[in-house]
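In what follows, a single structure is set out as structure tokens and then discussed.
2 protein chains.
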Amino acid sequence: MAVNPPKLSAPLPVPGFRVGTASCGVKAPELKGQRTDLTIIAADVDCQAAGTFTQNRLRAACVDLGEKAVREHGSDIRGIVANSGNANAGTGIREAEWAQMMITTTADALDVRPGQMLSASTGVIGTPFPIDRIEFGIQEASDCASDWQDAANAIRTTDTFAKWTSRRVGDFTITGIAKGSGMIHPNMATMLGFIATDAPLTHAQLQPMLKRAVSRSFNSISVDGDTSTNDTVYLLSSGVGLGQAPLADTSVFEVALTDACIELAQLIVRDGEGVSKFVTIHVEGAASEDEARHVGRTIAVSPLVKTAFAGSDANWGRIIAAAGNAGVAFDADRISLACDDVVMMEQGNLHQDYSDADGMEVFARPEFSITLNLGMGEAGATVWTGDLTHEYITINAEYRT
Amino acid sequence: MAVNPPKLSAPLPVPGFRVGTASCGVKAPELKGQRTDLTIIAADVDCQAAGTFTQNRLRAACVDLGEKAVREHGSDIRGIVANSGNANAGTGIREAEWAQMMITTTADALDVRPGQMLSASTGVIGTPFPIDRIEFGIQEASDCASDWQDAANAIRTTDTFAKWTSRRVGDFTITGIAKGSGMIHPNMATMLGFIATDAPLTHAQLQPMLKRAVSRSFNSISVDGDTSTNDTVYLLSSGVGLGQAPLADTSVFEVALTDACIELAQLIVRDGEGVSKFVTIHVEGAASEDEARHVGRTIAVSPLVKTAFAGSDANWGRIIAAAGNAGVAFDADRISLACDDVVMMEQGNLHQDYSDADGMEVFARPEFSITLNLGMGEAGATVWTGDLTHEYITINAEYRT
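Those sequence lines, one after another, are chains R and L. So for the first sequence, the numbering used here puts the first residue at 1; every next one is plus one. So for the second sequence, the numbering used here puts the first residue at 1001; every next one is plus one.
Have a look at this one:
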């Protein structure tokens, strides 16, 4: 039950990149042919690359390999191979070997060196990785006869719609795809984002820009502490490889990149498992942007806040109590709280005009925003989240995903 | 739908203490007479006292007052007054005044000084405190014509059964009552525990013992980050006031106190909102007890783990992935995992005899245990939790509590 999923325009191709997909039956052999589950993004030239990776201690071997490749081949990456249906995480002694085989097979098929390939896997944890079926799919996908929309479809797990974004920035293109059922990384479904551009930017320019953009987008959507073992965002740029000089001023590109990441991140929340409401949380008046974001995320992961959203119950005391749990210093007698245009608290006091009926009216909307001012400083951050519904329990308790 | 709630023997009276209850209609005037919602525990002599309090930044005024009273009057406390139905938290400019009025009225009724009274409130946040109805109830309860079982009933909010424990330790008695719908502090329902003993122990002896006991009991049950604004545990001892010399050896008492706290904490989990399973999580092989407990709690709060419990789905990959999120250092290739007698992983490898059918059989039990060995050291900790069910969503989304 996605919340107002926007009708997306067809994604723009990006010079220097080709895309292939295949149906391997990763989850079960009998699913082969039913849906695509393998994606190859092949670069015709050496790409400048950047990546951000899960902070989970138990991260998958493919994440380790990807981080190493970005570090060692940040200026000559030749593509990404990704599968859905099995995370190849917590699979023991053969995990690293399987992850390496997936990369080597793809590199061979594309005639590049294994060190130049990035990989990502998403799906169930602790189940042996079906490397034979995946290697078969790699051969099929390496013809690169698909497009970005096909790729966005092939990386889906429990996502109800495919997620992509495209934009022009000056003479260049940014196209990104993402997957994830959002608000709380349901089923360890892994948040994946792959972004390609032909803007001529170097690895050294891309990496800090991606880090900042991810912090204001993918890392600003609601998580429940269940950060996946496989979360990965890759950003590849073909521009330098296509023979252009790196941009001197990256500021316009960074704004466009951040917007693209926010758009993809919001799509993930809108498609969150069981999500029936899309809620924007603005935290203002904080001592720093990091503190503001941390307060916002603490509100966004509270089951009591999320069930109040679900029930259209303006039980706003849960919001400020959750904020109090963030471990961020603020004083109760300085905070102000509003939901859309309805003010609940002003500088620590109950607002005299507030009525429960007004609050209920806002909480019943499919989309609304919360604005919490901590009264401590000038910094702010925005976090996006959904509600916690029966549908979420049904998806995660009643089906093995 | 409480999980195997034990049939509790009647609580033992404790020399030096009397108990009173009243029905004020705290939540709504028309509820007066329907159920008790005010409790007074009155000490006939000066008590040695200890307390532990919520770490929520936005804590209620009654918590601040209680902490101050324990610090300044730790050797001459004369009692506790507590109400359910309204937390008097997030209520703005009059919050502290209302909290003080509740204490002063009780102190007057008992003929002690206000500084000698402790207080606690539990219920909805951000709703004006009905001090008039509460003051009326204090007069009624101050006759102290009730018993500990009545008190355990009067502090309930959404609890489905009253929670108490009693035991003899040598010549002395420990009786404690608690409330809380457990696993995740549903509805900010507040975890309250009041424990009384006539064992002669001083404030200086009691405070560190209570801190250790709470860490292994109330702080080892599952919470979802929604630590309440009002959580409080008080421990009062009348023994010294009754004229006895303080115990020289406190070790036997501390074991009994810890057992009492664990019993009360487990009752809270068994009565957790919507909980249908009672799960014990042992984390072993950790570098320290604190790290072990932190890993256990991270597993215990994961919605994905909790929904797997609810669905009797042995999706154990979610357990190790949640452990990886605790921010505690360990290596994937050293961990071992078992659920009851079924081994899933051994030293980082999939156990060859594991079958999903065996795992499913364990997860279908109403009570089972998880044992995760991190392979990093010798320390361990135990955490108790429940599952996350449709019933939880119904309780928290569909009713204002």
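By construction, the Cβ of each residue, glycine as well, lies at the ideal position given by its N, Cα and C atoms.
Integer-rounded CB distance, given that residue j should sit under 8 Å from residue i
| i | j | result |
| --- | --- | --- |
| G25 of chain R | R133 of chain R | 6 Å |
| K306 of chain R | V3 of chain R | Actually they are not in contact, since the Cβ atoms of K306 of chain R and V3 of chain R sit about 13 Å apart, beyond 8 Å. |
| V283 of chain R | L337 of chain R | Not confirmed; about 11 Å, so no contact. |
| A1151 of chain L | T1039 of chain L | 5 Å |
| A82 of chain R | A120 of chain R | 4 Å |
| W1098 of chain L | S1222 of chain L | Wrong, their Cβ atoms sit about 32 Å apart, outside the cutoff. |
| A310 of chain R | I1393 of chain L | 7 Å |
Where residue i falls: helix, strand or coil (DSSP)
| i | result |
| --- | --- |
| A329 of chain R | coil |
| M1183 of chain L | At M1183 of chain L the pLDDT is 40, less than 50, meaning the model places this residue with poor confidence; the figure from the coordinates comes in the next sentence. The answer is coil: DSSP assigns M1183 of chain L none of H, G, I, E or B. |
| A1196 of chain L | strand |
| M1188 of chain L | Low confidence applies to M1188 of chain L: its pLDDT is 40, below 50, so where it sits in the model is not reliable, and the reading given next is rough at best. Looking at M1188 of chain L - three-state DSSP - the assignment turns out to be helix. |
| G1225 of chain L | With a pLDDT of 48 at G1225 of chain L, under the threshold of 50, the predicted position of this residue should be treated as unreliable, though the coordinate-derived value follows. Coil. |
| G1051 of chain L | strand |
| F17 of chain R | strand |
| Y354 of chain R | coil |
| F1253 of chain L | helix |
| I174 of chain R | strand |
| I1268 of chain L | helix |
| T1091 of chain L | coil |
| V1305 of chain L | helix |
| V1233 of chain L | strand |
| D44 of chain R | strand |
| A1323 of chain L | helix |
| L1012 of chain L | coil |
| T39 of chain R | strand |
Beta-carbon proximity list for residue i, same chain, < 7 Å, skipping 5 on both sides
| i | result |
| --- | --- |
| Q1205 of chain L | P1246 and T1250 |
| I1125 of chain L | A1087, A1089, G1090, M1188 and T1229 |
| A332 of chain R | G348 |
| A22 of chain R | T36, L38, G137, E140 and A141 |
| L1257 of chain L | I1174, M1209 and A1213 |
| L8 of chain R | W164 |
Exposure label - residue i; buried when at least 16 CB within 10 Å
| i | result |
| --- | --- |
| K1163 of chain L | buried |
| S166 of chain R | buried |
| D356 of chain R | exposed |
| A1145 of chain L | exposed |
| D263 of chain R | Checking the sequence shown, residue 263 of chain R turns out to be Glu, not Asp. By the 10 Å Cβ count, E263 of chain R comes out buried. |
| E291 of chain R | buried |
| L160 of chain R | The question names Leu, but residue 160 of chain R is Thr in the sequence shown. Counting Cβ neighbours within 10 Å, T160 of chain R comes out exposed, since fewer than 16 surround it. |
| I177 of chain R | buried |
| A1248 of chain L | exposed |
| I1093 of chain L | exposed |
| K179 of chain R | buried |
| I1319 of chain L | buried |
| D1076 of chain L | buried |
| R297 of chain R | buried |
| A60 of chain R | buried |
| Q1116 of chain L | buried |
| M1183 of chain L | Its pLDDT being 40, under 50, M1183 of chain L is placed unreliably in this model, and the coordinates cannot settle the point. |
| V1070 of chain L | buried |
| R1293 of chain L | buried |
Residue range of the beta strand (DSSP E) that includes residue i
| i | result |
| --- | --- |
| E1367 of chain L | E1367 to N1373 |
| V1026 of chain L | Careful: V1026 of chain L lies outside any beta strand (DSSP E) and carries neither H nor E. |
| S220 of chain R | Premise fails: S220 of chain R is in no beta strand (DSSP E) and is neither H nor E. |
| F278 of chain R | F278 to A286 |
| E1346 of chain L | V1342 to E1346 |
| T1160 of chain L | First-last for T1160 of chain L: undefined, no H or E at that position. |
| G1123 of chain L | M1117 to V1124 |
| W86 of chain R | Correcting the residue identity first, residue 86 of chain R is Asn in this sequence and not Trp. N86 of chain R -> beta strand (DSSP E) spans I77 to N86. |
Same chain, Cβ closer than 8 Å to residue i, neighbours up to 5 away in sequence not counted
| i | result |
| --- | --- |
| F1368 of chain L | K1277, V1279, T1280, C1339, D1340 and V1362 |
Proximal residues to residue i (C-beta, below 6 Å), its chain only, five neighbours per side dropped
| i | result |
| --- | --- |
| K27 of chain R | G85 |
| S217 of chain R | C261, I262 and A265 |
| G33 of chain R | S23 |
| E1254 of chain L | M1209 |
| V295 of chain R | V283, A323, A326 and V328 |
Span of the alpha helix (DSSP H) around residue i
| i | result |
| --- | --- |
| W316 of chain R | Careful: W316 of chain R lies outside any alpha helix (DSSP H) and carries neither H nor E. |
| I393 of chain R | H390 to E398 |
| R297 of chain R | E289 to V301 |
| L65 of chain R | A61 to E72 |
| G1137 of chain L | I1131 to A1141 |
| A381 of chain R | Not the alpha helix (DSSP H): A381 of chain R falls in the beta strand (DSSP E), residues A379 to G386. |
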